[in-house]
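Counting along the sequence shown from 1, when you hit position 2 you're at 140 in the working numbering, and nothing is skipped either side. Even glycine gets a Cβ: it sits at the ideal position worked out from N, Cα and C. This report concerns only the one structure given below.
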Amino acid sequence: MGTLFHFPYRSVAEVSLRAILRNLVTLRTLSQKEIVPVVKADAYGHGILPVSQALVSRGSCHTLCVATLEEAIELRKKIPYAISIWVLSGFLPHQLEAYNKYRLTPLIHSLNHLKSLLNQKRLPDIHLKLDTGMHRLGLLPEEMNEAFLTIQRLGIKLSGFATHFAESESTMSKFVDEQINIFHGVYQELLHRKLIQTDAKIHIANTGAILRKKLGFSFSVRPGIGLYGISPNPRISPSNELIPALSWKARVLTIKQIKAHDTVGYGRTYTAKKRERLAVVSIGYADGLPRLLSNEGYVIVGGKKVAIRGRVSMDLTTIDCTQVSSIREGSLVTLIGKDSKHSVSAWDLANWARTIPYEILCGISPRVPRVYLD
């Protein structure tokens, strides 16, 4: 039978830093802009520190984006180089001292937050975020006159100006063009009033906008999911140039035979129609495999794509290996990645679980070790 478990992991996510750097070059070539990588949410599940270190030291990136102050501080402590770190959605007025201490750049997204900077002795570099129709974070266009007056009272010039697209990946939508037009009008007013630095970072484009060439007049672009080799819309033509950077694997713990009419797993949601050979795999929803894949998803084992049987439980998942003669205890199971002629992508898991690949990748649990291949 051979030795059980040839490496010390019950489940592992293998991350190719080389693939991430190749995607960086692809996005840089497509956009012809400065790339400001988004490494929030643990670099979309790929590991914020190894990924960021590769992007800075091997990819010549001078700025990184995170979502929260906590992510930014962690990054600054580990990468103390003279890089800029932008916090996209985390600014609160009581955090100002930390922004100064760790040399971080907040995106101010509220008129009240902007006003809270009045009478402060020391301010970090500040980017302003405009809500051009996403209706999430950002100042509304009708708030901008008051914002202009507040910036004048602060006696500063903005070092950056940004917005975020609501559906840049949709080839059927023209809303991104409406957002660009709104943004451009406010930017021109900032220039006219001399409230923004001449070399300020103007950044509006995410991965979908880069792939669709909807860049407006960006000086910088903020790709997230595309860096990790996933397109927000696989039907966008250059999306096949991206290389998925993460593969996810687990091990077979045991194999058993069941007969017709036997049921499988919690709730007995699967009933065998005939004699089947099942394998129990060391993966579950606590590792990030969605419970919605119960009786829905597929994995690859022994070079064949096989179905999940019964409920995905916290630590274990059962698969049908009736047609896989080579399977044994300790066999490798591919959840995301390629094996022989078959492959399973983050998009596949997302479609089966009725979600998006962002959630699949970000949901891979910290208890799944990340191993960096290069």
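Would you mind stating whether residue i and residue j have Cβ atoms separated by less than 7 Å?
i	j	result
Ser-154	Leu-511	yes
Leu-245	Leu-226	yes
Phe-357	Ile-340	yes
Leu-278	Phe-299	no
Leu-427	Val-450	yes
His-184	Leu-384	yes
Lys-394	Arg-413	no
Leu-202	Pro-175	yes
Val-189	Val-177	yes
Asp-458	Ala-445	yes
Lys-344	Ser-375	It is worth fixing the name first, because residue 344 is Asn in this sequence and not Lys. For Asn-344 and Ser-375, no; Cβs fall outside 7 Å.
Gly-448	Thr-407	yes
Ala-151	Arg-429	no
What are the boundary residues of the alpha helix (DSSP H) that includes residue i?
i	result
Val-163	155–169
Arg-214	207–216
Lys-351	From DSSP, Lys-351 is part of no alpha helix (DSSP H); its letter is neither H nor E.
For residue i, which three-state DSSP category applies?
i	result
Ala-417	strand
Glu-497	helix
Gln-191	helix
His-302	coil
Met-139	Per-residue confidence for Met-139 stands at a pLDDT of 35, beneath the threshold of 50, marking its modelled position as unreliable; no derived number is given.
Lys-239	helix
Ile-334	strand
His-341	strand
Asp-477	strand
Ile-502	coil
Arg-406	helix
Gln-290	helix
His-184	coil
Tyr-147	coil
Ala-220	coil
Tyr-325	helix
Ala-491	coil
Measuring alpha carbon to alpha carbon, tell me which of the options ends up nearest residue i.
i	options	result
Phe-313	Gln-326, Ser-198 and Gly-354	Gly-354
His-480	Ala-205, Ser-469, Gly-440 and Val-509	Gly-440
Leu-296	Ala-304, Leu-329, Pro-279 and Glu-307	Leu-329
Ser-483	Asp-315, Val-509 and Tyr-366	Tyr-366
Asn-238	Ile-217, Gly-228, Leu-230 and Asp-263	Asp-263
Lys-253	Asp-477, Gly-293, Tyr-404 and Asp-458	Gly-293
Leu-242	Asn-319, Ser-248 and Gly-228	Gly-228
His-322	Ile-342, Asp-337, Arg-196 and Pro-504	Ile-342
Ala-157	Leu-380, Glu-172 and Thr-409	Leu-380
Could you pull the start and end residues of the beta strand (DSSP E) that residue i belongs to?
i	result
Val-437	436–439
Thr-455	455–458
Val-447	Val is not the amino acid found at residue 447; the sequence shown has Arg there. 442–447 is the extent of the beta strand (DSSP E) around Arg-447.
Ala-383	Premise fails: Ala-383 is in no beta strand (DSSP E) and is neither H nor E.
His-265	265–267
Leu-202	201–204
Arg-508	508–510
Can you tell me the Cβ-Cβ gap for residue i and residue j, rounded? I've got them flagged as a contact below 8 Å.
i	j	result
Phe-286	Arg-214	Incorrect: roughly 31 Å between the Cβ atoms, too far for contact.
Ala-488	Ile-502	Actually they are not in contact, since the Cβ atoms of Ala-488 and Ile-502 sit about 13 Å apart, beyond 8 Å.
Val-471	Val-390	6 Å
Ile-438	Ala-388	Wrong, their Cβ atoms sit about 11 Å apart, outside the cutoff.
Pro-382	Ile-368	6 Å
Leu-193	Leu-162	7 Å
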